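Undergrad:
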Amino acid sequence: MKKLSRVSNVSNSFATFGFVAILLVAIFIQQCETKISEEAMLDETFIQSVIKVMIEKFGDKYSERIETGVTQVQKFWREEDGNREEFEKFCMDNFVIDSKKLKKSFQRLESTFENISGLLTEMRRELHWHLHVNTGPILPIDYLIANFSLSAHVDEDLYKSKVAFFVLLNFKVHTLDDCIKYGDEWSREKWAQARLAQMFTERVPSHINQQIHEAFVSADNYISSYNIYMNNLLTENNKRLFHKDLKLISHWGLRDELKAQYNEENGLLRQKMIYEVMKKIITQEIPAIVIDNSDVEWKVSTNEVFGEDVDNSPEPNTRYGHLFNIFKAVKSADSYYPLYPTFIDRRFNKHREIPEDVVRQLFVDLLTSEEFKQTGELIKKRQKRDLQPFDIWYNGFRGKEKYSQKDLDKIVSKRYPNIAAFHAGVPDILLKLGFDIETAVFLQSKIEIDPARGAGHAMGAGRRSDKAHLRTRVPEGGMNYKGFNIAAHELGHNVEQVFSLNRIDHTLLEGVPNTAFTEAFAFVFQRRDMEILGLSEKDEMADHLNTLNQLWSVCEIAGVSLVDMGVWHWMYDNPDCNPVELKNATIEIAKNIWNEYFFPVLGYEDAIILAVYSHMIDAGLYLPDYPVGHIIQFQIEEYIKDKNLATEMERMCKLGSITPDYWIKQAVDESISVEPLLKAVRRALKVVS
C-alpha cells in the first residue's frame, strides 16, 4: 500500500506540475497576445493617419510637435487606455496650440506636481516615523505601516487618468544627450518643461513599484537596527575596551568610533577590535545574537558568546539576502524602462545624469594618482607604524586631533543637551557660517529636528508649505561629538533642500542635479564642524591639512563605490545567484579593488574592509554619489575661498536640477574634475611633513 501510495503521490505531483506548466504557458501566451494586440491596435499605419488628420486640423506649423507628441503617447498607451477611436479622440481633443493656454496648462501641472510630490513625501515620512525616529520600541505594526505606499500607485494612476498622456502629447521628452547638447541655450521655463516630460519615460505597474518599495523598506529596517553594544565586547583576556552604554550602528557608528581613537590612549587596541567586528559583519561570521542585544557578551577573537541560553550561530547571510531582494525587485522593472533597461543605467544616466564610465574614471584618476600614494607615505610617517587596512579612515590631518573624544563630547553636550537645544541653536550655527540673521531664522523655520534611530538622515520637503527634517542621535546626557558631526552634515543637506525648493523659480527644477551635489553641500557644512564649535584655527597649515584629509577621504569612499558598482554588475551577470554566492562574490570584488588600488598605498593585501558600508545593502548604488560629492565639494570650496559661503550657496542651490555639467559650470566656472583637488594636494605635500 505504501508503495502504491508513493506512486500515486508521484502521479499527483506530475499532474500538478503539468497543470501549473500549462497555466504558466497560458499566462505567457496571453501576455504575448495582449502585447501583440496593443501593438497591432496602434500600428505605424494607424499612427501616421492620426498625425495626418491632426496636421490637417491644426496646420503644418505644428507638424513637428504633433508627430513628437502622438509618437510619445503611442509608446505608453495600452489597450486598457482605450481603443483606436479613443486614442485618436484623446490626441485631437488634448493637443494645445494656443501658446497662452499651453503656458497656463504647464503652470497648473507644475503646481499639481508640487502638491502630489509634497503630499507623498509627507505621507512617507509619517508612515516611516516610528522606524526612523526614536519613539521607543518598534512594534510589529510599524513595519506593516511602513510597507504601505501610495507612491507605488501614483505613476500608473497618472496614466489611467490621462494626465501623463497630456504631458507626453504636448511636451517633448528630451534625452540626456539633448540636455547636454542644448541645455545652455534653454530658458528656465524650457528646462522645467523638459523635466516635466521626463517624468514619463517609463510606465511601471503599481505592483512592481510596491515590491521595490517593500524590498528597500525591509533592508532599511534591517540596517537601522544593526547596533553593536561595545562595552559587551571582550578581548582574549576578557577585558572591556569601551565605556558603558556605547551602542554603535554599523557601519557609521563603528567607523566613526574607529576614527575617534587615533588620538586616544590604547586607541590602536580599540581600532583593531572594531576592525575585527567589521570583518565578521562582512563575512557574516558575526553571531546573530549579538546584533542589537545588550544582554550578551562577545569575545570577538574567538566568536564566543556568553549569557543565558545563548546560541552563537552566525548571522544566516541576512545582509546579502536583503541586497539580493532589492536586486530582484528593481530588476523586475527593467523591461518597463525603454531608455534605461537596467537599474545601473537608471542610477547613472537617469538619476545622476553622469555616465558610469565618466564616474569610474574620476575614481580611478584619484586612486592611481601619485598624490594618493604620497599621502599614504605621509600618514605612515605620522603614525610611526605600518599602516593597517582601517587606516583608510585616518583622520589625523584634522584640527580636532588637538582635542580628545571626551573633551569634544563634553563641549558638545553642554551646548546641545537635547534636540530642542540643537534646533534653537541652528541660527547661531548659520550665522557662524556667514548667513545673515534674516536668512538664518528663515532656514530654521523650515527645518525640524528629530531623534534618529539610525546614524542620521536629512529628508527634504516636497512642497513649499512643508518643512525639511533633520535626524541625528542624541543619547541621554546630551548630544556627543559624533552626533554633532553628523548633524552638521545633515544640516548642509537641509539648507540646500530649503533653498532649492523655497527660493527657486520653478518647482519642477526643485533640488540639485543629483545626490552627489547635495552631498557636496553637506560635506561643506560637515568640514566646518570645528569652526561652528569655535575650536578651529584659521591658518595656512590647517588648510593644507584639510586638503590632505579631503583626498584621503574621497579615495576611501571611491574604493567603496567601485566595490558597490562591481557587485551590481556581478548580480546582473549572475541573476540566479543566492545570498551565499553573492556574499562570496562581494568579498572577492572587495579584495580585488583593494589589491589593485589600496595595497600599493597601504601595503596590506587581500583586505575586505571596503565591503562594510551599509549603503551597499539598503541604498541601491547610492555610494558613488559620495566621492563625486567630495570632488564637487572641493571645487565649491576652492571657488568660495574669497567669497561669502551663504551668498554663493543660495545662488548655486537656486540653479536647480539641471544637468550636472551645466550646473557646475554655472556654479564654479569649470567642469567636474579631480585636478583642482590633486593640484591642492601637491601644494600641501610640499608644506606638511
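For the sequence shown, this note's numbering begins at 11 and goes up steadily by one.
The beta-carbon is built from N, C-alpha and C at its ideal position, and this holds for glycine as well.
Quick caveat: nothing in here was measured; it's all calculated off a predicted structure.
Rounded to a whole number of angstroms, what is the C-alpha to C-alpha distance between R560 and S345?
TA: Here residue 560 is taken as the residue at index 550 of the sequence shown, counted from 1. Here residue 345 is taken as the residue at index 335 of the sequence shown, counted from 1. It is Gln, not Arg, that sits at residue 560 in the sequence shown. C-alpha separation (whole angstroms): 40 Å.
Undergrad: My parser needs the alpha helix (DSSP H) runs of 4 or more residues fully inside the stretch 253–316; what are they?
TA: With a minimum length of 4 residues, the continuous alpha helix (DSSP H) runs that stay inside the stretch 253–316 are 262–270 and 277–293.
Undergrad: Identify the continuous alpha helix (DSSP H) that holds I642 and give its terminal residues.
TA: In the sequence shown, the residue the question calls residue 642 occupies position 632. Segment D635 to Y649, the alpha helix (DSSP H) holding I642.
Undergrad: Leaving out five residues on either side along the sequence, give the residues of the same chain with a beta carbon under 8 Å from the beta carbon of L137.
TA: Your numbering for residue 137 matches position 127 in the sequence shown. So the list reads I155, A156, F158 and S159, once near-sequence residues are dropped.
Undergrad: For G502 versus N654, is the C-beta spacing smaller than 8 Å?
TA: Here residue 502 refers to the residue found at position 492 of the sequence shown. Here residue 654 refers to the residue found at position 644 of the sequence shown. Taking 8 Å as the Cβ cut-off, G502 and N654 do not qualify as a contacting pair.
Undergrad: State the Cα-Cα distance for the pair K257 and Y330, rounded to the nearest angstrom.
TA: Your numbering for residue 257 matches position 247 in the sequence shown. Your numbering for residue 330 matches position 320 in the sequence shown. Using only the alpha carbons, I get a separation of about 23 Å.
Undergrad: Would you tell me roughly how many angstroms separate the C-alpha atoms of W262 and L665, rounded to the nearest one?
TA: Reading the sequence shown from its first residue, position 252 is the one you call residue 262. Reading the sequence shown from its first residue, position 655 is the one you call residue 665. So the two alpha carbons sit approximately 32 Å from each other.
Undergrad: Would you call the stretch 388–407 and the stretch 272–290 in contact, with 3 or more CB pairs under 8 Å?
TA: The answer is yes - the stretch 272–290 touches the stretch 388–407, with three or more Cβ pairs under 8 Å.
Undergrad: Please list, in chain order, all residues of the same chain as L440 whose beta carbon is under 8 Å from its beta carbon, the five residues on each side excluded.
TA: For the purposes of this step, residue 440 is taken as the residue at position 430 of the sequence shown. Taken in chain order, the residues that qualify are T449, A450, L453, Q454, V505 and A656.
Undergrad: Pick out whichever of R88, Y192 and S234 has its Cα sitting closest to the Cα of G466.
TA: On the sequence shown, position 456 is the one that residue 466 refers to. Among R88, Y192 and S234, the Cα nearest to that of G466 belongs to S234.
Undergrad: Would you call I222 buried or exposed, if buried means 16 or more other Cβ atoms sit within 10 Å of its Cβ?
TA: By one-based count along the sequence shown, residue 222 stands at place 212. Its Cβ being crowded by 16 or more others within 10 Å, I222 is buried.
Undergrad: Just to check my reading of the structure: R692 and E381 have Cβ atoms closer than 8 Å, yes? What is that Cβ distance to the nearest angstrom?
TA: The residue given as residue 692 occupies position 682 in the sequence shown. The residue given as residue 381 occupies position 371 in the sequence shown. Indeed, because the Cβ distance is near 6 Å, the residues count as touching under 8 Å.
Undergrad: V300 to R537, Cα distance in whole Å?
TA: As a first step, residue 300 must be located in the sequence shown, where it is residue number 290. As a first step, residue 537 must be located in the sequence shown, where it is residue number 527. Approximately 34 Å between the Cα atoms of the pair.
Undergrad: Between the Cα of L186 and the Cα atoms of K360, A552 and N594, which residue gives the shortest distance?
TA: One-based indexing of the sequence shown puts residue 186 at position 176. The residue with the shortest Cα to Cα distance from L186 is K360.
Undergrad: Buried or exposed: where does I447 fall if 16 or more other Cβ atoms within 10 Å of its Cβ makes it buried?
TA: As a working mapping, residue 447 is identified with position 437 in the sequence shown. Per the 10 Å Cβ criterion, exposed.
Undergrad: Using 8 Å as the threshold, is the stretch 242–256 in touch with the stretch 350–370, meaning 3 or more CB pairs across them?
TA: Touching, no.
Undergrad: Are the C-beta of K593 and some C-beta of chain D separated by less than 8 Å?
TA: This model lacks chain D altogether; it includes just one protein chain.
Undergrad: Looking only at C-alpha atoms, which of T517, S546, D549 and S510 sits nearest to F531?
TA: What you label residue 531 is simply residue 521 of the sequence shown in a count that begins at 1. Closest option to F531, Cα to Cα, is S510.
Undergrad: Alpha carbon to alpha carbon, how far is W201 from T352? Give it in angstroms, no decimals.
TA: Residue 352 sits at position 342 when you count from the first residue of the sequence shown. Residue 201 sits at position 191 when you count from the first residue of the sequence shown. If you take the alpha carbons of T352 and W201, they lie about 26 Å apart.
Undergrad: From I46 to G92, what does the alpha carbon distance come to, in whole angstroms?
TA: On the sequence shown, position 36 is the one that residue 46 refers to. On the sequence shown, position 82 is the one that residue 92 refers to. Low confidence applies to I46: its pLDDT is 41, below 50, so where it sits in the model is not reliable, and the reading given next is rough at best. Distance between the alpha carbons of I46 and G92: 15 Å.
Undergrad: Would you decide whether D652 is buried or exposed? Buried here means 16 or more other CB atoms lie within 10 Å of its CB.
TA: The sequence position of residue 652 within the sequence shown is 642, counting from 1. Burial call: exposed.
Undergrad: Where does the unbroken beta strand (DSSP E) through G466 begin, and where does it stop?
TA: Locating residue 466 in the sequence shown gives position 456, counting from the first residue. Its beta strand (DSSP E) spans residues G466 to M469.
Undergrad: Please state whether DSSP places T55 in a helix, a strand or coil.
TA: Position 45 of the sequence shown, counted from the first residue, corresponds to residue 55. Reduced to three states, the DSSP call for T55 is helix.
Undergrad: Can you find the residues in the same chain that come closer than 6 Å, C-beta to C-beta, to L33, ignoring five residues on each side of it along the sequence?
TA: If you number the sequence shown from 1, residue 33 lands on position 23. Its pLDDT being 40, under 50, L33 is placed unreliably by the model, and the measurement read from it follows with that caveat. If we look at L33 and ignore the five residues flanking it on each side, it has no Cβ neighbours.
Undergrad: How many Å lie between N584 and M575 at the Cα?
TA: What you label residue 584 is simply residue 574 of the sequence shown in a count that begins at 1. What you label residue 575 is simply residue 565 of the sequence shown in a count that begins at 1. The alpha-carbon atoms of N584 and M575 are separated by roughly 14 Å.
Undergrad: So N584 is in the alpha helix (DSSP H); what residue range does that whole segment cover?
TA: In the sequence shown, residue 584 corresponds to position 574, counting from 1. Per DSSP, N584 belongs to no alpha helix (DSSP H) and is neither H nor E.
Undergrad: Our contact map puts I646 next to A677 with C-beta atoms below 8 Å; I'd like the distance itself, whole angstroms only.
TA: Stepping through the sequence shown from its first residue, residue 646 is reached at position 636. Stepping through the sequence shown from its first residue, residue 677 is reached at position 667. 7 Å between Cβ atoms; contact.
Undergrad: Taking the C-alpha atoms as reference points, what is the distance between D321 and E295?
TA: Locating residue 321 in the sequence shown gives position 311, counting from the first residue. Locating residue 295 in the sequence shown gives position 285, counting from the first residue. One C-alpha to the other measures close to 13 Å.
Undergrad: Alpha carbon to alpha carbon, how far is D419 from K391? Give it in angstroms, no decimals.
TA: For this step, residue 391 is matched to residue 381 along the sequence shown. For this step, residue 419 is matched to residue 409 along the sequence shown. Cα to Cα, the separation comes out at about 29 Å.
Undergrad: Out of F68, E74, G79 and E95, point me to the one whose CA is closest to F56's CA.
TA: To locate residue 56, count along the sequence shown from 1; it is residue 46. Closest option to F56, Cα to Cα, is E95.
Undergrad: Since F105 and L179 are thought to touch, with beta carbons under 8 Å apart, how far apart are those beta carbons, to the nearest angstrom?
TA: Start at 1 with the first residue of the sequence shown, and residue 105 comes out as number 95. Start at 1 with the first residue of the sequence shown, and residue 179 comes out as number 169. Right, their Cβ atoms sit about 6 Å apart.
Undergrad: Considering only C-alpha positions, which residue in the set I238, S342 and R265 is nearest to A298?
TA: By 1-based counting over the sequence shown, the position of residue 298 is 288. Nearest option by C-alpha distance: I238.
Undergrad: Counting only the same chain and skipping the five closest in sequence on each side, list residues whose C-beta sits under 6 Å from that of G521.
TA: Here residue 521 is taken as the residue at index 511 of the sequence shown, counted from 1. Excluding sequence neighbours, G521 sits near S510 and S667.
Undergrad: So, are the CB atoms of N512 and R481 less than 8 Å apart?
TA: One-based indexing of the sequence shown puts residue 512 at position 502. One-based indexing of the sequence shown puts residue 481 at position 471. No; because the gap between Cβ atoms is not below 8 Å, this pair is not in contact.
Undergrad: Can you give me the Cβ contacts of Y347 inside the same chain, cut-off strictly under 6 Å, excluding the 5 residues immediately before and after it?
TA: For this step, residue 347 is matched to residue 337 along the sequence shown. E212, listed in sequence order.
Undergrad: Can you name the residues that DSSP bridges to T482?
TA: What you label residue 482 is simply residue 472 of the sequence shown in a count that begins at 1. In DSSP, T482 forms a bridge with P461 and G466.
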